[in-house]
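Residue numbers for the sequence shown follow the numbering used here, so the first one is 5 and each next one is one higher.
Cβ atoms here follow ideal geometry from the backbone N, Cα and C, with glycine treated the same way.
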Amino acid sequence: MPADVSRQTYPFTLPELPYPYEALEPHIDAATLRIHHREHHATYVKKLNEAVAKDSALQKLTLGQLLRDANKLPEAVRAAVKNNGGGHLNHDLFWRTLAPAQSSANSHAPRGTLGDALKEQFGSFEEFRRKFSDAAASHFASGWIALSLDHASRRLVIADLKDHEVLHGGDATAVLILDVWEHAYYLKYQNRRPEFIEAFWHVIDWSCAAERFEHGASSGGV
Ligand code: MN
C-alpha cells in the first residue's frame, strides 16, 4: 500500500491528486475538486505547519504520531493539530479512494475479500450502501463518514466522524471515507447532500479500498 501522509513529518506537504481535476466529472466537478484540493486541503496543511513551527519537539513526530497522542500535546497547539492535521489526513485518504467512474456496472461494487466481508457483515452490498448513505445524509453539520475495519473485533463499522476527527491508526483502518463538509459539494449540489452522496458511489476506487481492507486485516493496522 503506498505511503499515505500519516508518515509525513514537518514541514507537511500537499500531495498531488492521482488524477486530473476533471477526471471525476460529472459526478464531482472539476471546479469543486480544484478548490477543495488547492484551497481547502492546502489551507489545512499550511495551518498545521504554522502550529508545529512553534514547537521543535513536535517537528520530529509523524502526522500519525501527532494525531494518535493529540490529547497529550501542549494546549497551545492541540486544537490546531487536531483540526488541521486531521483535515490533512482525511483529505489524503479521500483523494486516494476516489477514481474516475468506471463504465462497467460491475465495477461499482467490490469483489474479493472486501466484497465477501461486506456481504457477510451487512447482509448485502446494497444494504451496506444504504446504511452508509443514510449515515452520510443524516450527519449533522461538518464531518466525515468512514467504512472502518476495527482491528480488535475484525468487524467493518460505519464510523461517523465530527469535524476532522480521525480513525485511530493503531486501532482501525479506514477502508473508505466520504467528506460531508459543505465545501465538498456546495458549488454543484448546493444544499442537496444526498445527490452528492449518490454521485460518490460512481467514483469509488474499489481496488484501493480492497487493498486497504486486506492490508488492515493482515497486519492489524498501520
Ligand atoms: Mn473537505
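Asked	Found
Kindly indicate which three-state DSSP category R159 falls into: helix, strand or coil?	strand
Can you find a heavy atom of ligand 1 that lies under 6 Å from the Cβ of W148?	no
How would you write the range of the alpha helix (DSSP H) that G90 sits in, first residue to last?	G90 to R100
Using DSSP's beta-bridge definition, name the partner residues of T177.	L153
Could you tell me which whole beta strand (DSSP E) segments of length 3 or greater appear in the segment 10 to 87?	none
By alpha-carbon positions, which one of W210, E186 and L18 ends up nearest to W148?	E186
Do you know offhand how far D164's Cα is from A140's?	8 Å
Find the nearest neighbour of L151 within the set D167, A203, R115 and F98, judged by alpha-carbon distance.	F98
Provide the residue span of the alpha helix (DSSP H) that contains Q125, from first to last.	G116 to F126
Among A46, L21, H95 and K58, which has the Cα closest to the Cα of V170?	H95
Can you look up D164 in the DSSP assignment and give me helix, strand or coil?	strand
If you follow the alpha helix (DSSP H) that A139 is in, where does it begin and where does it stop?	F129 to S142
Indicate whether the contact test is met: 3 or more Cβ pairs, each with one atom in the segment 47 to 65 and one in the segment 7 to 14, closer than 8 Å.	yes
Classify W148 as helix, strand or coil using the three-state DSSP reduction.	strand
Starting from R197 and walking both ways along the alpha helix (DSSP H), at which residues does that stretch end?	R197 to F204
Measure the C-alpha to C-alpha separation of V9 and H92 and round it to an integer number of angstroms.	8 Å
Using DSSP bridges, identify the partner residues of G171.	One point to set straight first is that residue 171 is Leu, not Gly, in the sequence displayed. Answer is none; L171 lacks a bridge partner.
For the putative contact between D209 and T101, defined by C-beta atoms under 8 Å, what is the C-beta separation to the nearest angstrom?	5 Å
Sort G89, E218 and R197 by Cα distance to S142 and report the nearest one.	R197
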